[in-house]
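Asks: Can you read through this structure? Questions will come right after.
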Amino acid sequence: NAGVTQTPKFQVLKTGQSMTLQCAQDMNHEYMSWYRQDPGMGLRLIHYSVGAGITDQGEVPNGYNVSRSTTEDFPLRLLSAAPSQTSVYFCASSIRDRGSYEQYFGPGTRLTVT
Amino acid sequence: KNQVEQSPQSLIILEGKNCTLQCNYTVSPFSNLRWYKQDTGRGPVSLTIMTFSENTKSNGRYTATLDADTKQSSLHITASQLSDSASYICVVSAGGSQGNLIFGKGTKLSVKP
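Chains as they are written, first to last, in the numbering used here: chain W, 1 to 114; chain G, 1001 to 1113.
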């Protein structure tokens, strides 16, 4: 299994540009999430999905869109990039294990918006 | 407000020494507490998950403890190795869906030869 994969690894955008961060998992996990990680802060949840066709907002959803058409894929779309969206983005998938959700994180996408 | 506080913010130790990282939380309701290891430039990797009824859980040289009464957890690393250099993140689940995970800011550990 490849686990959770993310592309691209690095991206530089100009303010106002749009792009999609890709996330895929091959573990047949129901749950998938997107986080951003900024210096001096804990990971913050952007959006999450409990299954294909179902998504919900997390703590910091503004400026981002998601969709979940398949179990495997959970892309994150930046509609109009802003410098405040410069961050490292992590995708995670989860499986329920004895009442807890074991999360598996991808390697991250480092995004810079100029 | 649900919060997870970790201490120290950073720590430097010599290879072979032991260390203990702390996590205090004010999260309600409490479902479980996790410790993650995050190497530089990589995603977090789970070390342990503990529910309310578990006081201690080990994963090799890593031992996590949980005191649900005082809402404190610790992560003890025994006989540290250079590869232990990483950030260690404490995460508390308030139960329910994936939207209820509260992340600490992490402790950055550096192990020097």
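Glycine included, each C-beta is placed from N, C-alpha and C at the ideal position.
Measure the Cβ-Cβ separation of Y31(W) and Y104(W) and say whether it is below 8 Å.
Replies: In this structure, Y104(W) does not lie closer than 8 Å to Y31(W) by Cβ.
Asks: Ordered along the chain, which non-local residues of its own chain (more than five positions away) have a Cβ less than 6 Å from that of D26(W)?
Replies: If we look at D26(W) and ignore the five residues flanking it on each side, its Cβ neighbours are N1, A2.
Asks: Buried or exposed for S49(W), going by 16 or more other Cβ atoms inside 10 Å?
Replies: That one is buried.
Asks: Comparing the CB of I1102(G) with every heavy atom of the ligand GDP, is any distance shorter than 7 Å?
Replies: Looking at this structure, you won't find the ligand GDP or any other ligand, since it has none at all.
Asks: Is the stretch 64-81 of chain W touching the stretch 16-24 of chain W in the sense that three or more CB pairs, one from each, lie closer than 8 Å?
Replies: Flag = yes, the stretch 16-24 of chain W and the stretch 64-81 of chain W touch.
Asks: Are the beta-carbon atoms belonging to V1111(G) and I1102(G) less than 8 Å from one another?
Replies: No. Outside cutoff.
Asks: Which residues does DSSP list as the beta-bridge partners of N1024(G)?
Replies: Answer is E1005(G), Q1072(G), bridged to N1024(G).
Asks: Shorter than 8 Å from the beta carbon of F105(W) to some beta carbon of chain G?
Replies: F105(W) counts as touching chain G.
Asks: Near D1084(G), which residues of its chain fall below 7 Å by C-beta distance, leaving aside the five closest residues on each side in sequence?
Replies: Here the set comprises I1077, L1109, V1111.
Asks: Is the CB-CB distance between A92(W) and G106(W) below 8 Å?
Replies: Their beta carbons are under 8 Å apart, which means A92(W) touches G106(W) by this criterion.
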